[in-house]
Amino acid sequence: MTRKRTDQTTNATAPTSADVARLAGVSQATISLVLNGRDSAVRISPETRERVISAAATLGYTPNHAARSLRQRRTKIITFVLPTLENPYFLEIVSAAQAEASRQGYSVTIISSRNELSEFHTALLLHGAAYDGIIVAGHNNCSAPELPALVKRGVGVVVLQEPSPAPGIHSVRVDLERGGYLATRHLIELGHRRIAHFTQALRNSHGGHDRIDGYLRALSEAGLPFEEDLVVVTENSLSGGVEALDKVLALPKPPTALFAYNDRLAIGALHGLRTKGLKVPEDFAVVGFDGIAFGGYTSPTLTTVDSSREELGKLAMQAVIDAIEKKEGRKDHLLPVRLLVRESCGGAHTDQG
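Heads up, the sequence shown is in this note's numbering, so the first residue is 404 and it goes up one at a time.
Structure (structure tokens):
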């Protein structure tokens, strides 16, 4: 007779550290050292560490740090997982969220996945159960298969700027499609007919697609054709804005205006235009997206879509605390946007919703 395996966890099929050890070909002691972040204290090779992390990722194993002692009490810690620490947009959101967390008696930790799912999984492994809730930004992170498992474990989960990928996961985002529409319509109203759009890689990125949908809607309403060579996929960085600008200015019929995926790309483009001797907005108009504080100090100041960073941070924190405390309420929050018209388009300083 075959004996059925019993498990002490709530899920009888959940992988154990012994399973990870077998797959990685190491001892359970090594598994414990690596996944509890103590491998630097002993001589464990990078190759062995990578084998352990890979095996844990393959099996979907997450260590249950201090789970027994935490069953009756909370850590009062919320972890922010960001795709990068280089983008001020995310840091402005975290700043607002941190203030709200402090007001409600929670602490915040921040980790970066560097836009890699493998890095995200490693971060979850090393942090284990040392948080009550998690707020996730970046389209790669928001589609991570570990998120539903965290919900089942009782962790509050919120994704930023992406729709909820699974039941029980809260979503807090702004109306990105409306933002793309407002930016493009404004350029059209100023007389521009060939308008470029710089974006990041669109795979799995609802945020990227939403912005483009707004861009296309404005073109369609104005009776303008969509020209594929005016949409440039580039690295999400200042240098990415410069490189994308070089591509569109090299076209036989270059554009006269740009709507960028975010302010970083737009500010990079402003730099590129300046180095080429082109005047903004006389020769070329630029609109960004996000409304980061630095955009108000560029020369010329940057017209941008304000994505309510402070409100986004506060609402994300409230949503994750509601999830932790099992409060009823909305799980999908959509915030409005507004266009901040500044000097980079030539218009007077106004707010348009």
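Cβ coordinates follow ideal geometry from the N, Cα and C atoms, glycine included.
- The beta carbon of P418 sits closer than 7 Å to those of L462, G463, Y464, all from its chain and outside the five residues before and after it, given in chain order.
- Cβ atoms of F662 and A586 come within 8 Å of each other, at about 5 Å.
- If you check the CB distance, G671 and L641 come in under 8 Å.
- In this structure, the alpha-carbon of A533 lies about 41 Å from that of V690.
- Straight across, the Cα-Cα distance linking H609 with C545 is about 10 Å.
- A buried status is given to Y509, since no fewer than 16 other beta-carbon atoms sit within 10 Å of its beta-carbon.
- Around L681, the same chain offers F687 as residues with beta carbons nearer than 7 Å, after the five sequence neighbours per side are excluded.
- In terms of CA proximity to G611, E565 leads the group E565, H589, T704, E624.
- For the set I513, S747, T433, the Cα lying nearest the Cα of S448 is the one of T433.
- When beta bridges are read from the DSSP output, T512 appears opposite T482.
- In terms of Cβ geometry, S515 and T487 form a close pair [threshold 8 Å].
- Judged by DSSP secondary structure, A672 falls within the alpha helix (DSSP H) whose first and last residues are 666–678.
- With respect to A421, A458 sits apart: the two C-beta atoms are not nearer than 8 Å.
- Ranked by how close their Cα comes to the Cα of N665, the residues G675, E714, N639 have N639 in first place.
- Rounded to whole angstroms, the gap between the alpha carbons of S702 and V423 is 55 Å.
- As DSSP reads the structure, L738 sits in a beta bridge with V577.
- Rounded to whole angstroms, the separation of the alpha carbons of A696 and T704 is 11 Å.
- Straight through space, the alpha carbons of G643 and E495 are spaced by roughly 21 Å.
- The C-beta separation of P658 from R597 comes to about 4 Å, placing the pair in contact by the 8 Å criterion.
- Taking 3 residues as the minimum length, the beta strand (DSSP E) runs contained wholly in the region 555–611 are 559–563, 573–577, 598–602, in order along the chain.
- In the DSSP assignment, D725 falls within the unbroken alpha helix (DSSP H) covering 712–727.
- Per DSSP, F493 lies in no beta strand (DSSP E); the unbroken alpha helix (DSSP H) holding it starts and ends at 491–506.
- Partner residues in the beta bridge of A660, as assigned by DSSP, are I598, A688.
- Straight across, the Cα-Cα distance linking P628 with Y618 is about 11 Å.
- Residue state for L622 is assigned as helix, using DSSP reduced to three classes.
- Cα atoms of L743 and S710: separation of roughly 10 Å, rounded to the nearest angstrom.
- If you look at D709, you'll find it in the beta strand (DSSP E) that goes 706–709.
- The beta carbon of S430 sits closer than 8 Å to the beta carbons of A424 from its chain, once the five residues preceding and following it are set aside; these are given in chain order.
- For V437, no beta strand (DSSP E) run applies; the uninterrupted alpha helix (DSSP H) run containing it begins and ends at 431–438, by DSSP.
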